[in-house]
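Numbering-wise (the numbering used here), the sequence shown opens with residue 770 and increments by one.
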Amino acid sequence: MATDNENRIDVVDPLARKLVGKYLDNRRDDVGKLTQAVTEADFETIRVTGHNLYGSGAAYGFEEISGIGAGIERAAESRDVPAIQQLIADLRGLLTRLGVG
């Protein structure tokens with residue numbers, strides 16, 4: 770079983786720590802945006818948000834966020850609501866586990 774320390778990202782530089790922390794906070798906001806967009810059947814917002822997750826995740830070293838983002842983008846294009854909901858849950862779970870130390 771993973772401990773909290775195993776899921777923390779060790780960032781030494783204070784500026785980098787702040788940037789990564791803000792990035793993760795913004796992704797937590799994306800979970801709310803995606804959840805609302807599903808409620809409204811706003812597949813364009815879902816697609817664009819997924820696309821942005823895909824691109825930004827790799828830039829910050831979060832390949833799992835990129836993979837989830839790519840999946841959200843594809844699911845939005847096919848209007849696959851159950852897949853979108855599962856991917857949002859996956860993103861929420863990942864963000865709950867991640868932290869910056």
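Using N, Cα and C, we set each Cβ at its ideal position, and we do this for glycine too.
Nothing here was measured: the structure is a model prediction, and the numbers come from that model.
For Leu860, the enclosing alpha helix (DSSP H) stretches over residues 850-866.
Cβ contact annotation for Gln854 (same chain, cutoff 7 angstroms, sequence separation greater than five): Val807, in chain order. Around the beta carbon of Thr818, 16 or more other beta carbons sit within 10 angstroms, so the residue counts as buried. Within the same chain, Cβ atoms closer than 7 angstroms to the Cβ of Thr804 are found at Ile857, the five residues on either side in sequence being excluded. Going by C-alpha positions, Phe812 is about 9 angstroms away from Val850.
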